[in-house]
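Novice:
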Amino acid sequence: MLGRSLLTAKQLSREDIETVLDRASEFAADPSAAGDRHPGKLLALCFFEPSTRTKMSFETAAKRLGGDVIDMGSVESSSVKKGESLADTVRVIEGYADGIVLRHPKQGAAKMAAEHVDVPLVNAGDGAGHHPSQTLLDLYTIRENAGLDDLTIGIMGDLKYGRTVHSLAHALTNFDVRQHFISPQSLKLPRSVRYDLHEAGAHVREHEELEAVLPALDVLYVTRIQRERFPDEDEYQKVAGQYRITPETLDDAKDDVAVMHPLPRVDEISAAIDDTSNATYFDQAHNGVPVRMALLDSLLQTDD
Amino acid sequence: MLGRSLLTAKQLSREDIETVLDRASEFAADPSAAGDRHPGKLLALCFFEPSTRTKMSFETAAKRLGGDVIDMGSVESSSVKKGESLADTVRVIEGYADGIVLRHPKQGAAKMAAEHVDVPLVNAGDGAGHHPSQTLLDLYTIRENAGLDDLTIGIMGDLKYGRTVHSLAHALTNFDVRQHFISPQSLKLPRSVRYDLHEAGAHVREHEELEAVLPALDVLYVTRIQRERFPDEDEYQKVAGQYRITPETLDDAKDDVAVMHPLPRVDEISAAIDDTSNATYFDQAHNGVPVRMALLDSLLQTDD
Amino acid sequence: MLGRSLLTAKQLSREDIETVLDRASEFAADPSAAGDRHPGKLLALCFFEPSTRTKMSFETAAKRLGGDVIDMGSVESSSVKKGESLADTVRVIEGYADGIVLRHPKQGAAKMAAEHVDVPLVNAGDGAGHHPSQTLLDLYTIRENAGLDDLTIGIMGDLKYGRTVHSLAHALTNFDVRQHFISPQSLKLPRSVRYDLHEAGAHVREHEELEAVLPALDVLYVTRIQRERFPDEDEYQKVAGQYRITPETLDDAKDDVAVMHPLPRVDEISAAIDDTSNATYFDQAHNGVPVRMALLDSLLQTDD
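Each protein sequence line maps, in turn, to chains A, B and C. With UniProt numbering applied, the first sequence covers 1 to 304. With UniProt numbering applied, the second sequence covers 1 to 304. With UniProt numbering applied, the third sequence covers 1 to 304.
In structure tokens form, the structure reads like this:
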């Protein structure tokens, strides 16, 4: 079973993942049936960086379970401005709440914070580090659309900096999955991640172009290529254009390929995809609620 | 009946208005009796611009109905900063909530957003456009204080830019009302609004001075004249001074004239009015709760 | 009994304090037992200045009592930006809520606001003025750790500007307490506070060094010395260093001396103290919940 805190997707065994995903399926099937799971439980939301999706879906999840949240608010409106350390902040807040969700710009922040508190803590993003509840909702979405075994997935875009991608790739090594990574040369998977995947026995291939591998894919997971990674605008436009998905791009794909994206997107996926049956990214975002309900349900239970 | 979304006061028939106002009266008579109307329902508050009154009264209304809210927070703390489109933002959020309240600086934003979501959406202000729940609470306040038939109302101040005024004037054409508009020449009703009112068969008169028409008024609705509309401070002071309400101003008014204001006021109405029986603007603000309860009650019901 | 509003610790009699503290003890003993005390009650949080502890613990307290909060949000996201007066803001908000918690940068703001509203109002800090619920949680913590009679307390640090210190010192005059004030010459208690304490018959001593008085103390209450009080960095470092608590400092103290701090701390107390049995400051922060539950319980009751 999951321990008291979820800090990285690496701590999740195949069994952990399946337990959370199964429970999420139950919650998704009847969202209003869970209102008596955790009455009166309070979840503290500590977001030191902007968030819409993650914060709102944790809040929704807590409330759908019969609990509620208390929100630290923005850094500007908190004592952090007065120079308080993160350790002190979470030690104070654990006295108010039954669990903590933490997003922080510094890598390792969640791990450090978890060492200072006795309540369950979820890492909701620590800089270039981890964001394991995103990985769980990605896995849930993949399972719903294509299953997690005998799966061929393409992961495309910024593979160098995207924490989402690294966690997902690692978690997929628990399953029978062929992983194809598609990116420009300059945004390839870091050597350390590639090494980890090989160590875990993963089936991994890398490509600079989508074309050759597209017909084999059950899932195409697209991420944003950030303008600021490129020295000049022309270079960015050229690269970004090559990795943009349009209805024409999908002509050579399986009819039921599921197109995913962690959102927000800028223009990696054309709006013309939105109303096709391939568009899976809004469902993916919505899956944040049942998956985070299942996660909180598990963490808050260990608290009783 | 109201449809799934409330985008503009123009979509409200006399029957719609009366249904909402009647229900609001019931809620106002016994605010604590509604706690079991919508248990567990979640309303998403998406405010892309500052708000106190509208946001807090929607939040109060949702909670008094037994529901709750999830708040997108300020634009600075959301994914909007990362360049997400409004359409994408609301499509994600509809997966978390049973309804959306949207305020956005761009005219037409609510209409566009409503086309992208399946949950009920309330326009809580779209730039120079509409703010129909404000109109409903204005109508409720007028009805409580003077009735909506055989009514003589004066609407004074900035009639050119005030979206509140335009929506109210239009909604009043559903009733037997004589509308007097009082403003400096430079802030008169736009020609298009005047045309609409005449088309709707409204009884409309325009004035530059309050004096002549004041004795006939049952209701005097005052709005703020914004400093930035005037090229220099002297000109502003001269104009603003003419349209400022003091106890002396009301000497020639009916004893029970109801003085209204959408708030916030700066100094259009002297604080000396606050404790008179004519001061209706705080009640007007408070009426936001039962009126928005009635509105949400209607919209969330269509959701079942 | 407490009146409708809590504006300053000076309004609290010994009996008031004991009533709140006794009730807080009951809530602390069984936090989940209070969920049916105030179902449906709404507390408005109006924070015109940053806060973590005070705001989150009031929110937690309201929710643990079965109620909920509505949050004005930051000044930047409210109508205050449009030039609304504080009096108007609270008069509007009282129509939404069953009580108001107000923090405001201007001294006297809470008193003025309370005169304009009929719902209970708690002063959660008015600039250099008062913060009485902090005093109550300080008293609670002292009582839990050392009792409030036959007590010897040392209060150290910035005694000149700290509103927390002034309120606590005054409240302690209700009990049999020997108060020792330890600070650099430039940050001594203001003459007016010293005068008040003598008038109230308090046992008061002032010191520039902790050393001599430390062995006698049951409680050592430390506050932050702010850098900006000093003309240059060297001077600040010299002074701050003298009033910093380390495990070595405590060698000469009673074994069970309780070290308190209103938090946030910067480095007035070494992290090496955190895991000792003397460290009482995190408990002190956590005590904000039962104490504010007891306070709200009392104030909201008078509302029925």
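Glycine included, C-beta positions come from ideal geometry on N, C-alpha and C. In this text the structure is predicted, and so the values were computed from the model without any measurement.
Which term fits Thr-52/B, buried or exposed, when burial requires 16 or more other beta carbons within 10 angstroms of its beta carbon?
Specialist: Thr-52/B should be labelled buried.
Novice: Which of the three DSSP states is assigned to residue 310/B in this structure?
Specialist: Since the first residue of chain B shown is 1 and the last is 304, residue 310/B is not available in this structure.
Novice: Quick one: complete beta strand (DSSP E) runs, 3+ long, within the segment 126-209 of chain C?
Specialist: Here the runs fully enclosed are 151-156, 177-182, 203-207.
Novice: Label Glu-59/C either buried or exposed according to how many other C-beta atoms from any shown protein chain fall within 10 Å of its C-beta, with 16 as the threshold for buried.
Specialist: Label assigned to Glu-59/C: buried.
Novice: Could you give the residue range of the beta strand (DSSP E) that holds Gly-99/A?
Specialist: Counting along the chain, the beta strand (DSSP E) containing Gly-99/A begins and ends at 99-104.
Novice: Please state whether the Cβ-Cβ distance between Thr-223/B and Val-165/B is less than 8 angstroms.
Specialist: Yes.
Novice: What residues in its chain sit with their C-beta under 8 angstroms from that of Ile-17/C, if we drop five residues either side in the sequence?
Specialist: Leu-136, Leu-139, Ala-171, Asn-174.
Novice: For Arg-227/B, count the other beta carbons within 10 Å of its own beta carbon; 16 or more makes it buried, fewer makes it exposed. Which is it?
Specialist: Burial call: exposed.
Novice: Where does the unbroken alpha helix (DSSP H) through Asp-71/B begin, and where does it stop?
Specialist: Careful: Asp-71/B lies outside any alpha helix (DSSP H), inside the beta strand (DSSP E) at 68-71.
Novice: Using the Cα positions of Asp-158/C and Asn-287/C, report the straight-line distance between them to the nearest angstrom.
Specialist: Each residue's Cα considered, the two are about 23 angstroms apart.
Novice: Which residue wins for smallest C-alpha separation from Asp-88/A, given the options Asn-278/C, Met-293/C, Val-266/C?
Specialist: Residue Val-266/C is the option with its Cα nearest to Asp-88/A.
Novice: Among the residues of its own chain, which have a CB less than 7 angstroms from the CB of Ala-169/B, if the five just before and after it don't count?
Specialist: Counting only Cβ-Cβ distances below 7 angstroms, and skipping sequence neighbours, we find Ile-155, Gln-179, Val-193, Leu-197.
Novice: Could you check the C-alpha separation between His-203/A and Pro-120/A for me, to the nearest Å?
Specialist: Answer to the nearest angstrom: the Cα atoms are 34 angstroms apart.
Novice: CA-CA distance, Ala-114/A and Pro-231/B?
Specialist: Using only the alpha carbons, I get a separation of about 58 angstroms.
Novice: Can you tell me whether DSSP reads Val-213/B as helix, strand or coil?
Specialist: Here Val-213/B sits in coil by DSSP.
Novice: Which of the three DSSP states, helix, strand or coil, is assigned to Glu-300/A?
Specialist: As written in the sequence, residue 300/A is Leu, which differs from the Glu given in the question. In this structure, Leu-300/A counts as helix in the three-state DSSP scheme.
Novice: Mind pulling the chain B residues with CB within less than 7 angstroms of Lys-82/C?
Specialist: Here the neighbours are Pro-264.
Novice: With Ala-285/B and Gly-95/C assumed to form a contact (beta carbons below 8 angstroms), what rounded beta-carbon distance in angstroms separates them?
Specialist: Indeed, because the Cβ distance is near 6 angstroms, the residues count as touching under 8 angstroms.
Novice: Going by CA-CA distance only, name the one from Pro-184/B, Pro-264/B, Gly-40/B, Asn-123/B that's closest to Gln-237/B.
Specialist: The residue with the shortest Cα to Cα distance from Gln-237/B is Pro-184/B.
Novice: Buried or exposed: which applies to Arg-14/C, given that a residue is buried once 16 or more other Cβ atoms fall within 10 Å of its Cβ?
Specialist: Label assigned to Arg-14/C: exposed.
Novice: When you compare the CB of Phe-48/B with every CB in chain C, is at least one pair closer than 8 angstroms?
Specialist: Chain C contact via Cβ: absent.
Novice: Buried or exposed, going by whether 16 or more other CB atoms sit within 10 Å of the CB of Arg-91/A?
Specialist: Arg-91/A comes out buried.
Novice: If you drop the 5 nearest sequence neighbours on each side, which residues of the same chain put their C-beta closer than 6 angstroms to that of Val-69/B?
Specialist: Answer for Val-69/B: Leu-43, Leu-45, Glu-59, Ala-62, listed in chain order.
Novice: For Thr-52/B, would you say it is in contact with chain C, using Cβ-to-Cβ distances shorter than 8 angstroms as the test?
Specialist: It does; some Cβ of chain C falls within 8 angstroms.
Novice: Pull the bridge partners of Leu-42/B from the DSSP assignment, please.
Specialist: According to DSSP, which records beta bridges pairwise, Leu-42/B is partnered with Asp-68/B.
Novice: Pick helix, strand or coil for Ile-269/B, following the three-state DSSP scheme.
Specialist: Here Ile-269/B sits in strand by DSSP.
Novice: With a threshold of 8 angstroms between beta-carbons, can Leu-300/B be considered close to chain A, or not?
Specialist: Judged by the 8 angstroms Cβ criterion, Leu-300/B is not in contact with chain A.
Novice: If we cut at 8 angstroms on Cβ distances, does Leu-296/B have a partner in chain A?
Specialist: For Leu-296/B, the answer is no, since every Cβ of chain A falls outside 8 angstroms of its Cβ.
Novice: To the nearest angstrom, how far is it from the Cα of Phe-48/A to the Cα of Ala-128/B?
Specialist: Approximately 34 angstroms between the Cα atoms of the pair.
Novice: Are Gly-99/B and Leu-220/B closer than 8 angstroms when you measure CB to CB?
Specialist: The answer is no: Cβ separation not under 8 angstroms.
Novice: On the CB-based measure, 16 or more other CB atoms within 10 Å of its CB, does Pro-50/A come out buried or exposed?
Specialist: So Pro-50/A ends up on the buried side.
Novice: Let me check understanding here. Comparing Cα to Cα, which of Ala-200/A, Val-177/A, Gly-201/A, Arg-163/A lies closest to Asp-187/A?
Specialist: Per the sequence shown, the amino acid found at residue 187/A is Leu instead of Asp. Of the listed residues, the one whose Cα sits closest to Leu-187/A is Arg-163/A.
Novice: Residues of chain C with CB under 9 angstroms from Val-289/B, in chain order?
Specialist: Those within 9 angstroms of Val-289/B in chain C are Gly-95, Tyr-96.
Novice: How about His-130/A and Asn-123/A: do their beta carbons lie closer than 8 angstroms?
Specialist: Going by C-beta atoms, His-130/A is nearer than 8 angstroms to Asn-123/A.
Novice: Starting from the beta carbon of residue 325/A, find every residue of chain C whose beta carbon is closer than 8 angstroms, and list them in chain order.
Specialist: The structure shown does not extend to residue 325/A, since chain A spans only 1 to 304, so no value can be given for it.
Novice: Mind checking if Gly-40/A is an interface residue toward chain B, Cβ cutoff 8 angstroms exclusive?
Specialist: Output row for Gly-40/A: interface = no.
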